[in-house]
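J.: Residue numbers (the numbering used here), protein chains in the order written: chain A, 4 to 383; chain B, 4 to 383; chain C, 4 to 383.
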Amino acid sequence: MPVLLAPERAPALPQLLEAADTVGLQSSILDAGGGRDRRIAGIGSLTTAGASEITFLSNPRLQDQLDDCHAAAVILRPQDWAAYQQRHSQAPPWGVVLCEQPYLLYALLAQWFDQHRLGTLPRGIHPSAVIADDAILDEGVHVGPLAVIEARTHVHAGVRIGAGCVIGPDCSIGQDSLLHAHVTLYHGVHVGARAILHSGVVLGADGFGFAPDPRTPGAWAKIAQLGGVRVGDDVEIGANTTVDRGAVEDTVLGHGVKLDNQIMIGHNCRIGDHTAMAACVGVAGSTTMGRRCVIGGAAMFGGHLTLGDDVHISGGTAVTSDILEAGRYTGVFPLAKHAAWQHNAAVIGQLAQLRKRVRAIERQGPAGSPGLRNDKQDTQ
Amino acid sequence: MPVLLAPERAPALPQLLEAADTVGLQSSILDAGGGRDRRIAGIGSLTTAGASEITFLSNPRLQDQLDDCHAAAVILRPQDWAAYQQRHSQAPPWGVVLCEQPYLLYALLAQWFDQHRLGTLPRGIHPSAVIADDAILDEGVHVGPLAVIEARTHVHAGVRIGAGCVIGPDCSIGQDSLLHAHVTLYHGVHVGARAILHSGVVLGADGFGFAPDPRTPGAWAKIAQLGGVRVGDDVEIGANTTVDRGAVEDTVLGHGVKLDNQIMIGHNCRIGDHTAMAACVGVAGSTTMGRRCVIGGAAMFGGHLTLGDDVHISGGTAVTSDILEAGRYTGVFPLAKHAAWQHNAAVIGQLAQLRKRVRAIERQGPAGSPGLRNDKQDTQ
Amino acid sequence: MPVLLAPERAPALPQLLEAADTVGLQSSILDAGGGRDRRIAGIGSLTTAGASEITFLSNPRLQDQLDDCHAAAVILRPQDWAAYQQRHSQAPPWGVVLCEQPYLLYALLAQWFDQHRLGTLPRGIHPSAVIADDAILDEGVHVGPLAVIEARTHVHAGVRIGAGCVIGPDCSIGQDSLLHAHVTLYHGVHVGARAILHSGVVLGADGFGFAPDPRTPGAWAKIAQLGGVRVGDDVEIGANTTVDRGAVEDTVLGHGVKLDNQIMIGHNCRIGDHTAMAACVGVAGSTTMGRRCVIGGAAMFGGHLTLGDDVHISGGTAVTSDILEAGRYTGVFPLAKHAAWQHNAAVIGQLAQLRKRVRAIERQGPAGSPGLRNDKQDTQ
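The following block contains the structure:
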């Protein structure tokens with residue numbers, strides 16, 4: 004487990020809470036456990052955090068883990084702290100931070116630690132980077148070693164471009180965005196402010212468009228992809244995820260969209276604001292998704308579909324028709340021991356027939372025994 | 004939506020049709036709408052194309068969109084043009100291009116615009132590229148910044164290698180191929196003419212081959228992969244797709260194969276000419292696929308399978324046995340609201356038993372009421 | 004098919020067997036077929052191996068292929084050799100190597116040929132690589148062109164880092180590991196000895212962690228990911244596979260883990276020793292997998308699950324609950340011709356109802372005809 008800061012650079016707990024961007028989130032440090040004097044060098048879990056790390060209790064069922072906790076401080080809800088006090092007469096060996104939303108406060112503190120780490124990294128334009136003469140780099144831009152920025156691309160203030168990135172011509176990258184190593188942008192890709200693009204991300208590769216070419220039997224004529232990609236503000240895109248450029252118009256990711264690793268967004272798709280997708284999802288071309296959708300891992304979407312707002316798709320589900328009504332949808336074959344699966348899967352190919360047989364029994368039932376017998380012979 | 008050419012460089016419509024490679028495809032410009040004088044700077048959709056863009060009507064059900072179309076010109080079939088004239092007494096505000104295959108003509112025009120864009124890019128060997136002394140680069144080869152070409156590799160005339168590509172030793176790349184940024188070829192990979200390889204493509208990584216190593220219980224001995232990868236002419240491979248090298252012989256993609264993004268082709272596979280696969284498909288090792296197959300997104304293939312020619316697999320389908328007969332095959336669990344899915348999925352594990360129960364009713368049926376009652380007790 | 008060595012560098016068969024690391028595996032060269040004098044330049048299959056290549060018979064059902072085999076030598080089991088002799092009176096045209104495990108011996112010989120190829124590659128630090136002053140490179144490290152090694156990273160002896168790799172700060176790479184081109188390690192990633200990492204691998208990207216941010220409706224607050232990635236010894240990771248860093252603690256791959264291409268391992272996962280996964284598998288965050296598990300291609304795992312040791316999951320299966328008992332598990336919708344699938348899939352949404360109908364017939368059966376008739380009306 005990483006200790007993030009050297010002891011002499013670790014802030015005291017009150018300083019840390021002040022430094023972190025916790026605007027709008029109330030919290031207070033109690034005297035109990037000596038919280039105010041603790042120096043916090045990192046974050047740990049309830050069971051592993053050491054004497055210089057802060058931790059949090061978010062799930063009340065983990066209450067018991069407080070008893071063996073060796074952290075410098077614990078963030079917890081007032082009611083969980085009250086419960087602890089009922090069970091213990093002595094002050095805890097850790098400082099106490101009360102907050103109605105411990106998980107969110109942990110998230111914001113973790114952001115502070117990560118920002119602090121980023122702040123220690125080298126800044127500036129590495130001499131090995133290859134930058135076109137007519138690229139525009141605003142103030143405070145960092146370009147890592149061996150990165151490439153091509154013609155007429157505009158990199159806004161505070162952007163950090165990792166080692167080995169290739170940014171094509173005629174792109175723009177919004178303020179304070181962070182591109183990790185080995186990100187690739189084709190030409191004409193526009194990324195908003197505060198984006199985080201992880202390694203291996205490819206934005207703007209050609210969409211998969213072909214027309215049968217009747218001039219050569221069996222062959223495909225390429226539909227050149229003339230659109231671009233537009234990504235809103237506050238978007239995060241995971242490692243090795245690809246978003247293809249549009250055929251004629253742009254492929255669009257809204258504001259606050261969060262894509263995990265190894266996702267594929269086809270050309271002409273439009274993904275609504277704040278929609279989040281777990282890893283390995285595939286979205287075929289020209290599909291439109293609403294706002295605040297939540298897509299489980301390895302879900303698959305056909306092309307030219309429309310999803311409304313607030314649609315949740317379970318992991319592994321194939322979506323092949325429009326879903327306009329909010330709610331959770333699932334389509335996953337339940338797993339079983341292999342032998343049992345074999346027995347049951349064999350019936351899948353007879354389901355329509357099985358339903359017919361049941362209907363026949365219902366129809367001809369007790370009164371229709373001769374018919375029933377015939378039916379039996381038909382189906383065996 | 005991108006306007007691709009500056010007005011002064013936009014060709015007049017007759018010039019554009021002449022310049023584009025439309026050999027074998029008939030089209031004609033009518034006088035109506037003043038088509039011959041229009042200058043075309045780009046391509047748009049029926050609803051968004053502006054006064055300097057051409058568009059097309061391919062789907063007759065979109066006829067009505069012609070009424071509000073502001074494009075410079077529209078490509079459409081003679082019968083759709085006749086239908087428009089029946090509904091309108093005046094000449095349209097756009098030029099008219101008649102063609103029996105508007106979508107194909109659009110595709111060919113789009114290719115022209117993209118080629119034009121490519122033609123404006125810098126050409127030559129970037130000084131930051133690292134090229135082995137004994138690599139062979141034919142005439143007109145472009146190598147982008149920070150690309151690497153290793154020993155004895157032969158790059159044929161007109162090839163364009165993007166920034167940051169790594170081409171291993173003993174490879175060959177056929178005439179006029181286009182490698183976008185960050186393509187990786189291991190040693191001994193042979194790519195045909197006119198290939199398009201997108202960013203993040205990896206050709207020739209080791210196939211996944213291991214033998215249980217009885218000398219260390221539980222451990223795996225690596226099967227070194229000594230074959231290569233051979234890719235035919237006119238192949239396109241999408242972003243972050245991987246094709247592994249063969250164990251002993253080569254993994255082979257035929258001519259005209261089109262692979263979308265994030266596809267995985269295992270070692271020793273042989274993919275037939277003109278077969279096309281949508282994104283996220285996985286093909287396990289040693290599977291052979293015929294010609295002109297069409298594979299939907301996220302379909303999955305077991306290893307050592309044989310598919311015939313003209314087999315279509317629906318997206319999301321798992322293929323675990325040979326398919327020799329042409330036609331379309333599907334195996335997807337239909338999605339439903341989560342609660343409904345839960346109810347129905349619970350029955351999947353009882354299907355074999357359910358069939359047995361139906362059979363028992365059919366057999367013992369109306370005549371066998373005592374037996375039926377016993378059966379009922381058995382199964383509840 | 005590649006012939007790997009020039010004739011003058013090809014070892015004689017006895018030398019080859021001695022040179023390869025076959026410790027613990029018995030084999031013997033017979034006089035028949037003149038095996039001792041053969042020079043072996045490469046490895047081929049039974050049907051394609053030429054006069055300077057060795058091949059092997061592992062599957063007794065391929066016996067007949069021996070009759071047309073033109074290889075320099077064949078590795079086969081004593082009983083298969085006896086069977087050959089019964090069918091032929093003359094000595095074979097190929098040398099004979101007897102071994103109880105021909106496939107394993109082939110694997111070890113293939114390793115020798117690949118090591119030999121690696122040995123011919125250039126070694127040393129390429130002048131175009133960018134290496135931080137305080138990175139530590141032990142003896143015999145190779146760094147390819149345009150690779151980047153950042154601050155405080157420790158590269159142990161004998162490691163080979165391919166062209167264009169980016170190794171972040173505070174990493175370590177164990178002895179004799181092989182990183183192919185374009186591998187990316189974020190900061191704080193630790194890889195054991197003898198690892199093989201293929202192109203496009205990304206280790207240590209941020210795990211997918213967000214908390215609903217109640218301060219902005221619908222928005223997500225990022226959980227910065229402060230843990231790292233720890234990879235054991237003898238691990239191989241396929242092309243474009245990603246392993247995310249942990250939220251608080253490390254994501255862990257045990258010793259001898261083998262991951263194929265395009266796999267996604269979420270944050271906080273722990274994968275047990277010698278577990279092997281075929282391509283395109285996705286494992287959501289915080290899932291723990293036991294030792295010696297075998298995971299078929301494109302299988303998908305939910306988050307926070309526990310798998311025991313020796314669990315086998317069939318390709319394409321979605322795992323959404325714990326599996327503690329060893330054995331093979333499957334959950335795949337069987338494919339069918341599309342029309343048949345449509346018929347049968349339509350019943351999936353009625354399965355719970357169908358079961359109810361069967362139960363009603365069983366209950367009310369022959370004796371309850373009025374009830375049965377009502378039921379029939381209800382359900383149609």
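Ideal Cβ placement from N, Cα and C applies to all residues, glycine included.
Bear in mind the structure is a predicted one, so any value in this text is a computation, not a measurement.
Do the CB positions of residue 307 of chain B and residue 209 of chain B come within less than 9 Å of each other?
T.: If you number the second sequence from 1, residue 307 of chain B lands on position 304. If you number the second sequence from 1, residue 209 of chain B lands on position 206. Taking 9 Å as the Cβ cut-off, residue 307 of chain B and residue 209 of chain B do not qualify as a contacting pair.
J.: Going by DSSP in three states, residue 97 of chain C sits in which element: helix, strand or coil?
T.: In the third sequence, residue 97 of chain C corresponds to position 94, counting from 1. Here residue 97 of chain C sits in coil by DSSP.
J.: Please confirm whether residue 252 of chain A has its beta-carbon closer than 9 Å to some beta-carbon of chain B.
T.: Start at 1 with the first residue of the first sequence, and residue 252 of chain A comes out as number 249. Yes, residue 252 of chain A lies at the interface with chain B (some Cβ there is under 9 Å from its Cβ).
J.: Can you name the residues of chain C whose CB is closer than 8 Å to the CB of residue 104 of chain B?
T.: Along the second sequence, read from residue 1 onward, the residue named residue 104 of chain B stands at position 101. The premise fails here: residue 104 of chain B is roughly 27 Å from chain C at the closest Cβ pair, so nothing lies under 8 Å.
J.: Alpha carbon to alpha carbon, what distance is there between residue 183 of chain A and residue 158 of chain A?
T.: Taking the first residue of the first sequence as position 1, residue 158 of chain A is located at position 155. Taking the first residue of the first sequence as position 1, residue 183 of chain A is located at position 180. One C-alpha to the other measures close to 15 Å.
J.: Which partner residues of residue 56 of chain B appear in the DSSP bridge assignment?
T.: Locating residue 56 of chain B in the second sequence gives position 53, where the first residue counts as 1. Bridge partners of residue 56 of chain B: B/45.
J.: For the region 202 to 214 of chain B, which residues have a CB atom closer than 8 Å to at least one CB atom of chain A, in sequence order?
T.: 202 and 203
J.: Can you pull the chain C residues whose beta carbon is under 9 Å from the beta carbon of residue 110 of chain B, in chain order?
T.: Stepping through the second sequence from its first residue, residue 110 of chain B is reached at position 107. Neighbours of residue 110 of chain B on chain C: none; closest Cβ ~27 Å, over 9 Å.
J.: Report buried or exposed for residue 163 of chain B, applying the criterion of at least 16 other Cβ atoms within 10 angstroms of its Cβ.
T.: In the second sequence, residue 163 of chain B corresponds to position 160, counting from 1. Flag for residue 163 of chain B reads buried.
J.: Taking the straight line between their C-alpha atoms, what separation do you get for residue 198 of chain A and residue 219 of chain C?
T.: The residue given as residue 198 of chain A occupies position 195 in the first sequence. The residue given as residue 219 of chain C occupies position 216 in the third sequence. So the two alpha carbons sit approximately 17 Å from each other.
J.: Consider the Cβ of residue 225 of chain C: report whether some Cβ of chain A lies at a distance smaller than 9 Å.
T.: As a position in the third sequence, residue 225 of chain C is number 222, starting the count at 1. Yes, its Cβ sits closer than 9 Å to a Cβ of chain A.
J.: Considering only residues of the same chain and omitting the five flanking positions on each side of residue 365 of chain A, which have a CB-CB separation below 8 Å?
T.: Mapped onto the first sequence, residue 365 of chain A falls at position 362. If we look at residue 365 of chain A and ignore the five residues flanking it on each side, it has no Cβ neighbours.
J.: In chain order, which continuous runs of the beta strand (DSSP E) of length 3 or greater are located wholly inside the region 275 to 321 of chain B?
T.: 314 to 316
J.: Taking a contact to mean a Cβ-Cβ separation below 9 Å, would you say residue 295 of chain B touches residue 309 of chain B in this structure?
T.: Taking the second sequence and counting its residues from 1, one reaches residue 295 of chain B at position 292. Taking the second sequence and counting its residues from 1, one reaches residue 309 of chain B at position 306. Taking 9 Å as the Cβ cut-off, residue 295 of chain B and residue 309 of chain B do not qualify as a contacting pair.
J.: Whose C-beta lies closer than 8 Å to the C-beta of residue 327 of chain C among residues of the same chain, with five residues either side of it excluded?
T.: What you label residue 327 of chain C is simply residue 324 of the third sequence in a count that begins at 1. For residue 327 of chain C, where only same-chain residues beyond five positions count, the Cβ hits under 8 Å are 309, 310 and 311.
J.: Do residue 212 of chain A and residue 225 of chain A have their C-beta atoms closer together than 9 Å?
T.: Locating residue 212 of chain A in the first sequence gives position 209, counting from the first residue. Locating residue 225 of chain A in the first sequence gives position 222, counting from the first residue. By the CB criterion at 9 Å, residue 212 of chain A and residue 225 of chain A fall inside the cutoff.
J.: If you follow the alpha helix (DSSP H) that residue 185 of chain A is part of, which residue opens it and which one closes it?
T.: What you label residue 185 of chain A is simply residue 182 of the first sequence in a count that begins at 1. Element bounds for residue 185 of chain A: n/a, residue is neither H nor E.
J.: With 16 as the cutoff for other CB atoms within 10 Å, does residue 104 of chain A come out buried or exposed?
T.: Here residue 104 of chain A corresponds to residue number 101 of the first sequence, with the count starting at 1. By the neighbour-count rule (16 or more Cβ atoms within 10 Å), residue 104 of chain A is buried.
J.: Could you say if the region 72 to 79 of chain C and the region 88 to 108 of chain C meet the contact criterion of at least three C-beta pairs nearer than 8 Å?
T.: yes
J.: Do the region 144 to 155 of chain A and the region 120 to 134 of chain A make contact, defined as three or more Cβ pairs closer than 8 Å?
T.: yes
J.: When we look at the beta-carbon of residue 202 of chain A and count the other beta-carbons within 10 Å, is it buried (16 or more) or exposed?
T.: As a working mapping, residue 202 of chain A is identified with position 199 in the first sequence. With at least 16 other beta carbons inside 10 angstroms of its own, residue 202 of chain A counts as buried.
J.: Which of the three DSSP states is assigned to residue 21 of chain B in this structure?
T.: For the purposes of this step, residue 21 of chain B is identified with residue 18 of the second sequence, where counting begins at 1. DSSP places residue 21 of chain B in helix when its eight states are reduced to three.
J.: Given residue 139 of chain A, which residues of its chain have a CB within under 6 Å of its CB, disregarding the five upstream and five downstream residues?
T.: Looking up residue 139 of chain A in the first sequence gives position 136. Only 157 meet the Cβ criterion.
J.: In this structure, what does DSSP give as the bridge partners for residue 338 of chain C?
T.: Here residue 338 of chain C refers to the residue found at position 335 when the third sequence is read from its first residue. Residue pairing of residue 338 of chain C in beta bridges, as defined by DSSP: absent, with no partner found.
J.: With contact counted as at least three CB pairs below 8 Å, one residue from each stretch, are the region 314 to 324 of chain C and the region 298 to 306 of chain C in contact?
T.: yes
J.: At 8 Å on the CB atoms, spell out the chain C contacts of residue 287 of chain B, in chain order.
T.: Position 284 of the second sequence, counting from 1, holds the residue named residue 287 of chain B. Result: 281, 282, 300 and 318.
J.: Round the Cβ separation of residue 170 of chain C and residue 153 of chain C to the nearest angstrom and send it over; I've been treating them as touching at under 8 Å.
T.: For this step, residue 170 of chain C is matched to residue 167 along the third sequence. For this step, residue 153 of chain C is matched to residue 150 along the third sequence. Indeed, because the Cβ distance is near 6 Å, the residues count as touching under 8 Å.
J.: Keeping to the same chain, check which residues put their C-beta closer than 6 Å to that of residue 205 of chain A; ignore five residues upstream and five downstream.
T.: Here residue 205 of chain A refers to the residue found at position 202 when the first sequence is read from its first residue. Cβ within range, chain order: 187 and 245.
J.: Would DSSP call residue 204 of chain A helix, strand or coil?
T.: The count along the first sequence starts at 1 and reaches residue 204 of chain A at position 201. Coil at residue 204 of chain A, not helix or strand.
J.: Please check if any C-beta of chain A sits within less than 9 Å of the C-beta of residue 97 of chain B.
T.: Residue 97 of chain B sits at position 94 when you count from the first residue of the second sequence. Taking Cβ atoms only, chain A never reaches closer than 9 Å to residue 97 of chain B, which makes this a no.
J.: I'd like to confirm the pairing. Which residues does DSSP put opposite residue 163 of chain B in its beta bridges?
T.: Locating residue 163 of chain B in the second sequence gives position 160, where the first residue counts as 1. Paired residues: B/145 and B/181.
J.: If we cut at 9 Å on Cβ distances, does residue 455 of chain B have a partner in chain C?
T.: Chain B is shown only over 4 to 383; residue 455 of chain B falls outside these bounds and no answer can be derived.
J.: Scan the region 235 to 247 of chain B for residues whose Cβ lies nearer than 8 Å to a Cβ of chain A and list them as they occur along the chain.
T.: 237, 239, 241, 242 and 243
J.: What residues from chain C crowd round residue 229 of chain B, counting only those whose CB sits closer than 8 Å?
T.: Mapped onto the second sequence, residue 229 of chain B falls at position 226. Chain C residues near residue 229 of chain B: 5, 7, 45, 46, 113, 116 and 117.
J.: Which residue comes first and which comes last in the alpha helix (DSSP H) that contains residue 323 of chain A?
T.: Position 320 of the first sequence, counted from the start, is the residue given in the question as residue 323 of chain A. Counting along the chain, residue 323 of chain A falls outside any alpha helix (DSSP H), and DSSP gives it neither H nor E.
J.: Could you tell me which of A/257, A/276, A/287 and A/62 sits nearest to residue 266 of chain A, measuring between CA atoms?
T.: To locate residue 266 of chain A, count along the first sequence from 1; it is residue 263. That would be A/287, whose Cα lies nearest to the Cα of residue 266 of chain A.
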